[in-house]
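*Asks:* The listed protein sequences correspond, in order, to chains A and B. If you're matching positions, the first sequence starts at 71 in our numbering and goes up one per residue. If you're matching positions, the second sequence starts at 4 in our numbering and goes up one per residue. What follows is a structure written as structure tokens; I'll ask about it next.
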Amino acid sequence: MKTSSPLKWLLSREGLYYLALALLLAVILPLALDPFRLNMVGKYLTYAFVAIGLVMCWGKAGILSLGQGVFFGLGGYCMAMFLKLEASTPEATAHQSTPGIPDFMDWNQVTELPWFWQPFHSFSFTLMAVLLVPGLLAFIIGVAMFKRRVSGVYFAIITQAIASILTILIIGQQGYTGGVNGITDLQTLMGWSIRTDEAKTTLYFVAVAVLFLCLLVARWVDHSKFGRILLAMRDQENRVRFSGYDVAAFKIFIFCLAAMFAGIGGALFTLQVGFMSPSFVGIVPSIEMVVFCALGGRYSLLGGVYGALLVNAAKSGFSESFPELWPYAMGALFIGVVLAFPNGLAGLYRRYVMPLEDRLLRGKKTPAAAPKETTARRDDEALPDHLSVEKP
Amino acid sequence: MFADYSSTELLSIFAMQGFAGLSLFSVFVLMAMGLAIIFGQMGVINMAHGEFMILGAYTTYLTSQFFQTYMPGLFAGYFFVAMVLAFLISGALGAFVEWAMVRHLYRRPLDTLLATWGLSLIMQQAYRSIFGAREVGVELPDWMMGAFQVSDLVQLPVNGLFVMIIALSIALAVYLLMFRSGWGRKVRAVVQNRPMAEAVGINTAGVDRATFALGCGIAGVAGSAFTMIGSTGPSSGQAYIVDTFLVVVFGGAQSLIGTIVSAFSISQAQSTMEFFLSGSMAKVLTLLTVVIILMLRPEGLMALKIRR
């Protein structure tokens with residue numbers, strides 16, 4: 071498909087979906103919710119970054135990573151280390167036996183700031199680390215695995231093992247990482263308190279803006295020639311390889327991209343919530359992140375965003391009123407989404423709502439009615455035939 | 004890390020930790036045998052495997068309660084009844100799950116993984132509602148108490164030894180069933196070439212269901228044995244599932260001997276390092292080594308040579 075100008079794209083049907091999401095996140099929700107609830111939505115939005123990454127990596131390229139929590143956590147920890155150092159000024163920690171280091175280090179008889187904490191005094195280094203640390207780890211994993219053509223369930227199991235390793239490591243090395251409690255008690259960002267309602271609302275809008283930036287990057291990658299190769303690779307890997315493409319390189323790139331998105335999400339999570347702990351890193355959170363993406367629709371970027379919002383909202387809702395029922399609901403969600411509607415909400419939307427839209431648009435003949443071919447491409451690809459037609 | 008110890012001390016440390024690691028080895032072998040059938044032979048990822056194991060453990064717990072209350076005279080032998088019951092109950096549930104869920108997903112292994120994870124969440128919560136969040140333990144019959152004194156430093160508890168014998172006999176049984184019986188031949192035929200197997204008259208759907216049920220049944224027996232050496236909680240199964248998958252993958256998914264060798268090396272490495280490092284670092288190093296070896300050699304220790 072060709073988009074001649076950004077404006078024209080915005081008025082196409084796909085563009086309108088993006089506008090609708092922007093309207094929902096930037097106007098409707100802030101007006102409708104009080105700051106506390108808005109902050110919660112902001113927290114859910116940070117998971118949407120992971121979901122977008124998973125749509126690219128799992129939906130488009132067929133690589134299921136069960137270790138996205140690792141990258142989310144690394145991004146989050148990078149940001150938390152910066153904030154913690156800022157909170158641990160020698161004045162604020164004067165009562166410690168070693169002033170000027172984070173409190174949990176002092177409790178664990180660490181007397182000197184470890185070397186890997188040192189660079190996190192700098193904000194620009196931290197911002198780079200949020201992107202590069204997850205990206206670099208993903209690159210190493212990707213090179214090691216994809217060059218040797220490890221794929222499918224093996225890749226999933228190994229990423230899961232990595233999530234497990236990182237969690238054990240963080241919990242075990244209490245003096246350097248804050249252990250099971252994580253890095254807590256974060257107060258200010260460059261002297262600006264992140265605890266006030268205004269700060270949280272501002273951070274919410276920052277998250278929305280960055281989310282759209284990531285969405286557009288993902289969409290751009292998806293619609294480029296690169297995206298076509300990813301799809302081809304997912305469906306017929308060997309044919310792509312025999313056509314002369316370096317399949318491993320493409321997989322490494324998309325895995326790194328997904329990891330960086332997750333890292334950004336983690337950093338924003340730390341800012342919104344004010345702490346980071348290993349409970350967002352391990353096996354269970356990582357696999358939950360996959361369900362955000364699966365519920366929204368594994369082939370749809372916007373679906374991923376809605377999936378993350380809905381699952382998390384449901385989780386909070388259930389945990390408030392019926393905490394025992396939530397695991398059942400979550401389990402049923404996993405099973406239902408896989409067995410009954412593998413294309414998620416986006417698939418349902420395409421099947422049931424889009425025809426209605428078509429009829430409405432055709433009936434009224436509004437100028438916004440997009441030419442058929444602009445939307446057709448996504449529709450066809452969203453339902454690969456081996457998934458939509460099931461033969462026992 | 005070895006510098007502080009003399010060579011005789013080191014030797015007895017290795018011996019002591021080696022025997023301690025045998026208990027972990029038994030757990031790995033017990034869990035991995037069911038997985039070796041379901042994952043190794045069928046290629047299906049069953050994330051609820053740990054929960055099937057815990058189902059067997061709770062069955063054993065209930066059986067022991069029943070014997071204690073109604074037949075205290077026969078208490079010494081309750082364990083054998085419990086093992087059979089655990090096999091039947093877990094196997095029946097496995098057959099049901101295969102029928103309701105897994106058979107629709109054979110072409111989508113990644114989706115099986117997610118669906119069985121959902122199942123495991125539901126089963127865990129069900130255990131929590133029925134048996135409570137606290138761990139339960141069974142009372143051991145008298146003959147399982149006590150220990151053999153092997154040397155001054157090393158003693159072998161009877162229950163640990165018993166569990167290891169069960170683990171190894173299950174492994175032997177699985178080997179005979181898969182590689183020396185007609186049924187095992189059918190299973191392998193279906194795995195290697197489904198259309199051809201169908202063409203020669205094998206009921207492939209039936210074989211699938213029986214294989215899955217058998218794997219789950221073995222998980223149940225494993226859980227039953229597990230109660231002899233540890234207590235059982237709703238999420239005990241999940242604690243081992245990733246490690247066990249690594250054991251199976253590390254050994255080479257289709258090789259039973261490979262699975263046992265990898266279970267042995269992983270458990271021994273972890274147990275030996277635990278003496279010198281903290282428990283968590285020992286685990287981190289072991290898992291990391293396994294992951295790195297798998298990256299260098301993705302087909303595992305003992306790979307089946309087949310043309311792909």
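Ideal placement from N, C-alpha and C gives every residue a C-beta, glycine not left out. Bear in mind that the values here come from a model prediction, so they are computed numbers and not experimental data.
Is it buried or exposed for A:Asn308, if we count other Cβ within 10 angstroms and need 16 for buried?
*Replies:* Numbered from 1 along the first sequence, position 238 holds the residue referred to as residue 308 of chain A. When all chains shown are included, A:Asn308 counts as exposed.
*Asks:* Does the separation of the CB atoms of B:Leu91 and B:Thr66 fall below 8 Å?
*Replies:* Locating residue 91 of chain B in the second sequence gives position 88, where the first residue counts as 1. Locating residue 66 of chain B in the second sequence gives position 63, where the first residue counts as 1. No; because the gap between Cβ atoms is not below 8 Å, this pair is not in contact.
*Asks:* Roughly how many angstroms separate the alpha carbons of A:Tyr114 and A:Val381, rounded to a whole number?
*Replies:* Residue mapping note: residue 114 of chain A aligns to position 44 of the first sequence, counting from 1. Residue mapping note: residue 381 of chain A aligns to position 311 of the first sequence, counting from 1. So the alpha carbons of these two residues sit roughly 9 Å apart.
*Asks:* Who are the neighbours of A:Ile232 on chain B, taking C-beta pairs under 8 Å?
*Replies:* In the first sequence, residue 232 of chain A corresponds to position 162, counting from 1. Ordered by position in chain B, the residues that pass the 8 Å Cβ test against A:Ile232 are Val294.
*Asks:* Assuming B:Gln241 is part of the alpha helix (DSSP H), what are its boundary residues?
*Replies:* As a working mapping, residue 241 of chain B is identified with position 238 in the second sequence. Start and end: Ser239 to Gly254.
*Asks:* Count the other CB atoms within 10 Å of the CB of B:Lys286; is the residue buried (16 or more) or exposed (fewer)?
*Replies:* Indexing the second sequence from 1 puts residue 286 of chain B at position 283. The residue in question, B:Lys286, is buried, as its Cβ has 16 or more Cβ neighbours within 10 Å.
*Asks:* Consider the Cβ of B:Ala35: report whether some Cβ of chain A lies at a distance smaller than 8 Å.
*Replies:* As a working mapping, residue 35 of chain B is identified with position 32 in the second sequence. Output row for B:Ala35: interface = no.
*Asks:* Which residues in the same chain as A:Gly146 place their Cβ atom closer than 7 Å to its Cβ, once the five residues preceding and following it in sequence are excluded?
*Replies:* Taking the first sequence and counting its residues from 1, one reaches residue 146 of chain A at position 76. Excluding residues within five positions, the ones whose Cβ falls inside 7 Å are Gly336, Ala337, Phe339, Thr340, Met346 and Phe350.
*Asks:* Residues in its own chain within less than 7 Å of B:Leu304 by CB, not counting five upstream and five downstream?
*Replies:* To locate residue 304 of chain B, count along the second sequence from 1; it is residue 301. Correct list, in chain order: Phe253, Gly254, Gly255, Gly261, Val264 and Ser265.
*Asks:* Going straight from the alpha carbon of B:Ala98 to that of B:Phe215, what length do you get?
*Replies:* Position 95 of the second sequence holds residue 98 of chain B. Position 212 of the second sequence holds residue 215 of chain B. Rounded to the nearest angstrom, the two C-alpha atoms are 7 Å apart.
*Asks:* To the nearest angstrom, how far is the alpha carbon of B:Val141 from that of B:Thr230?
*Replies:* What you label residue 141 of chain B is simply residue 138 of the second sequence in a count that begins at 1. What you label residue 230 of chain B is simply residue 227 of the second sequence in a count that begins at 1. When rounded, the distance between both Cα atoms is 7 Å.
*Asks:* Quick test of the definition: if touching needs 3 or more C-beta pairs under 8 Å, does the stretch 386–405 of chain A touch the stretch 302–322 of chain A?
*Replies:* no
*Asks:* By DSSP, does B:Pro198 sit in helix, in strand, or in coil?
*Replies:* Stepping through the second sequence from its first residue, residue 198 of chain B is reached at position 195. Correct three-state label for B:Pro198: helix.
*Asks:* Excluding sequence positions up to five away, which residues of its chain have a Cβ less than 7 Å from the Cβ of B:Ala60?
*Replies:* Here residue 60 of chain B is taken as the residue at index 57 of the second sequence, counted from 1. These residues qualify, in order along the chain: Gly226, Ser227, Phe229, Thr230 and Thr235.
*Asks:* Closer than 6 Å by C-beta to B:Gly24: which residues in its own chain qualify, once you throw out the five before and the five after it? Chain order, please.
*Replies:* On the second sequence, residue 24 of chain B is found 21 positions in, with the first residue counted as 1. Contacts found: Ser270, Gln271 and Ser274.
*Asks:* Would you mind telling me which residues of chain B sit closer than 9 Å to A:Arg465, beta carbon to beta carbon, in chain order?
*Replies:* A question about residue 465 of chain A goes unanswered here, because the residues of chain A that appear run from 71 up to 462.
*Asks:* So what does DSSP say about A:Thr168, is it helix, strand or coil?
*Replies:* Numbered from its first residue, the first sequence carries residue 168 of chain A at position 98. Three-state DSSP puts A:Thr168 in coil, outside helix and strand.
*Asks:* Under the assumption that B:Gly53 contacts B:Tyr243 (Cβ atoms under 8 Å), give the Cβ distance between them as a whole number of angstroms.
*Replies:* Residue numbering aside, residue 53 of chain B sits at position 50 when the second sequence is read from its first letter. Residue numbering aside, residue 243 of chain B sits at position 240 when the second sequence is read from its first letter. The Cβ separation is near 6 Å, so the contact holds.
*Asks:* By a C-beta neighbour count over all protein chains shown, 10 Å radius and 16 as the cutoff for buried, is A:Phe186 buried or exposed?
*Replies:* Taking the first sequence and counting its residues from 1, one reaches residue 186 of chain A at position 116. So A:Phe186 ends up on the exposed side.
*Asks:* What residue range is occupied by the uninterrupted beta strand (DSSP E) comprising B:Gln152?
*Replies:* In the second sequence, residue 152 of chain B corresponds to position 149, counting from 1. Segment Ala150 to Gln152, the beta strand (DSSP E) holding B:Gln152.
*Asks:* Below 8 Å, how does it come out for the stretch 363–375 of chain A and the stretch 127–140 of chain A: are there three or more Cβ pairs, yes or no?
*Replies:* yes
*Asks:* For A:Gln138, report the span of its alpha helix (DSSP H) as first-last.
*Replies:* Sequence index remark: in the first sequence, residue 138 of chain A carries index 68 (1-based). Per DSSP, A:Gln138 belongs to the alpha helix (DSSP H) from Gln138 to Ala157.
*Asks:* Can you confirm whether A:Met260, when its beta carbon is compared against all beta carbons of chain B, has any partner nearer than 8 Å?
*Replies:* Taking the first residue of the first sequence as 1, we reach residue 260 of chain A at position 190. No - not a single Cβ of chain B is within 8 Å of the one on A:Met260.
*Asks:* For A:Ala439, which residues from the same chain have a beta carbon less than 6 Å from its beta carbon, with the 5 sequence-adjacent residues on both sides left out?
*Replies:* Within the first sequence, the letter at position 369 stands for residue 439 of chain A. Because the pLDDT of A:Ala439 is 42, which lies under 50, any placement of that residue in the model is unreliable, and the number read from its coordinates should be weighed accordingly. Answer for A:Ala439: Leu431, listed in chain order.
*Asks:* Does the beta-carbon of A:Leu155 have 16 or more other beta-carbons within 10 angstroms, so that it is buried, or is it exposed?
*Replies:* Taking the first sequence and counting its residues from 1, one reaches residue 155 of chain A at position 85. The residue in question, A:Leu155, is buried, as its Cβ has 16 or more Cβ neighbours within 10 Å.
*Asks:* Are the Cβ atoms of A:Thr271 and A:Leu108 separated by less than 8 Å?
*Replies:* Translated into the one-based positions of the first sequence, residue 271 of chain A becomes position 201. Translated into the one-based positions of the first sequence, residue 108 of chain A becomes position 38. Yes, these two residues count as a Cβ contact at 8 Å.
*Asks:* Identify, in the order they occur along the chain, each residue of the same chain with its Cβ nearer than 8 Å to the Cβ of A:Ala302, setting aside the five sequence neighbours on each side.
*Replies:* Indexing the first sequence from 1 puts residue 302 of chain A at position 232. Here the set comprises Arg309 and Val310.
*Asks:* What residues of chain B sit near A:Leu246, judged by a beta carbon separation below 7 Å?
*Replies:* Here residue 246 of chain A refers to the residue found at position 176 of the first sequence. Checking the sequence shown, residue 246 of chain A turns out to be Tyr, not Leu. Chain B residues near A:Tyr246: none, gap ~12 Å exceeds 7 Å.
*Asks:* Counting beta carbon pairs with one atom in the stretch 264–283 of chain A and one in the stretch 322–332 of chain A, are three or more of them shorter than 8 Å?
*Replies:* no
*Asks:* Checking 8 Å against the spacing of the C-beta atoms, do A:Ala92 and A:Phe331 come in under that value?
*Replies:* As a position in the first sequence, residue 92 of chain A is number 22, starting the count at 1. As a position in the first sequence, residue 331 of chain A is number 261, starting the count at 1. Not closer than 8 Å, so no.
*Asks:* For chain B, find out if any of its Cβ atoms is closer than 8 Å to the Cβ of A:Pro397; answer yes or no.
*Replies:* For this step, residue 397 of chain A is matched to residue 327 along the first sequence. Using a Cβ-Cβ cut-off of 8 Å, A:Pro397 counts as an interface residue toward chain B, since at least one Cβ of chain B sits closer than that to its own.
*Asks:* What residue range is occupied by the uninterrupted alpha helix (DSSP H) comprising A:Gln342?
*Replies:* Here residue 342 of chain A refers to the residue found at position 272 when the first sequence is read from its first residue. Looking at the DSSP string, the run of the alpha helix (DSSP H) that includes A:Gln342 is Val317 to Val343.
*Asks:* Using a Cβ-Cβ cutoff of less than 8 Å, which residues in the same chain neighbour A:Gly297 once the five nearest sequence positions on both sides are dropped?
*Replies:* Against the first sequence, residue 297 of chain A aligns to sequence position 227. Excluding residues within five positions, the ones whose Cβ falls inside 8 Å are Lys130 and Val291.
*Asks:* Less than 8 Å between the CB atoms is what I'm expecting for A:Met215 and B:Met298, so what's the real figure, rounded?
*Replies:* Your numbering for residue 215 of chain A matches position 145 in the first sequence. Your numbering for residue 298 of chain B matches position 295 in the second sequence. Indeed they touch by this definition, with Cβ atoms about 6 Å apart.
*Asks:* Can you have a look at A:Arg429 and say buried or exposed, based on whether 16 or more other CB atoms are within 10 angstroms of its CB?
*Replies:* As a working mapping, residue 429 of chain A is identified with position 359 in the first sequence. Exposed: under 16 other Cβ atoms inside 10 Å.
*Asks:* Considering only DSSP beta bridges, list what B:Pro112 is partnered with.
*Replies:* Numbered from 1 along the second sequence, position 109 holds the residue referred to as residue 112 of chain B. According to DSSP, B:Pro112 shares a beta bridge with no other residue.
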